[in-house]
Every structure is written in structure tokens, then in C-alpha cells.
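Take a look at the structure set out below.
Next up, the structure:
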């Protein structure tokens with residue numbers, strides 16, 4: 003995905019975040035940019051498959067996103083930078099074919115719409131979780 007596509011996506015995300023709602027036009031633009039990954043991300047969000055784990059008192063956060071496989075694996079991700087899934091490393095890092103995976107899209111969409119399951123943990127618990135990635 004090129005820089006222009008990235009800028010368009012960011013503009014749409016900021017608009018969704020500011021209103022906590024998404025229009026059909028915004029969905030069409032995101033679908034054009036992300037294709038089937040967006041469709042999969044929407045299903046994950048609709049099934050309440052995104053958990054935001056926030057630490058206290060620092061307010062740092064990571065997302066835990068349920069996959070769509072039969073095993074319902076959960077992946078930790080930072081929506082704009084990283085996901086622990088195979089697709090992130092294969093399609094994004096190695097091949098550079100996509101901007102982000104469906105788990106990152108699901109986390110970003112859920113956070114933008116206020117559709118996350120929120121879990122609060124102490125800072126040291128989040129640090130331990132992150133050290134195991």
C-alpha cells in the first residue's frame with residue numbers, strides 16, 4: 003500500500019474516532035483500501051472479539067483480538083504498529099502487500115467506535131504480559 007493510501011486511511015480513521023460512528027461512505031473507502039481484511043475485522047468487532055487491556059496508573063494499553071479460526075486464538079496487537087499473528091509478519095513485514103492485518107483493523111475499529119471490552123490491570127501486570135510477547 004502506498005503513502006497516499008495510508009494518508010487516506012488515516013483521515014478516515016480520525017473522522018471515525020472523532021464521532022465514534024462510521025458512515026457507509028467511510029466503510030466503502032476502508033473496504034477499498036483493506037478489502038476482505040476489513041470484512042473480517044467487522045465480524046470480529048460485531049462478535050465483541052476486541053479487548054483493550056489498559057494499565058493503571060500509566061494508562062498504557064494493548065489490544066487482545068480473537069482470531070476467526072476454529073481455535074479462536076487471541077493475538078496481542080497495537081493497532082497502528084504491530085500484531086503477533088502470522089499474517090502480520092508474512093503479508094505486512096515480509097511481503098509489504100498490506101498496511102495492516104484484520105486484527106489491527108478490528109482493534110482500531112473497536113477503539114474508534116467504543117466497542118471494546120475494557121479490562122484494567124496494574125502497570126506491573128501489563129509489563130509482565132508485554133515481556134512474554
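In the numbering used here, the protein residues as written are 3 to 135.
Virtual Cβ for every residue (Gly too), placed ideally from N, Cα, C.
By the criterion of at least three beta-carbon pairs nearer than 8 Å, the segment 85-96 is not in contact with the segment 48-56. Under DSSP, residue 76 takes part in a beta bridge, and its partners are 68. Put simply, the backbone Cα of residue 90 is about 9 Å away from that of residue 105. A residue is called buried when at least 16 other Cβ atoms come within 10 angstroms of its Cβ; residue 39 meets this threshold and is buried.
Per DSSP, reduced to three states, the secondary structure at residue 24 is coil, with no helix or strand assignment.
In this structure, residue 80 keeps its C-beta atom at 7 Å or more from the C-beta atom of residue 135.
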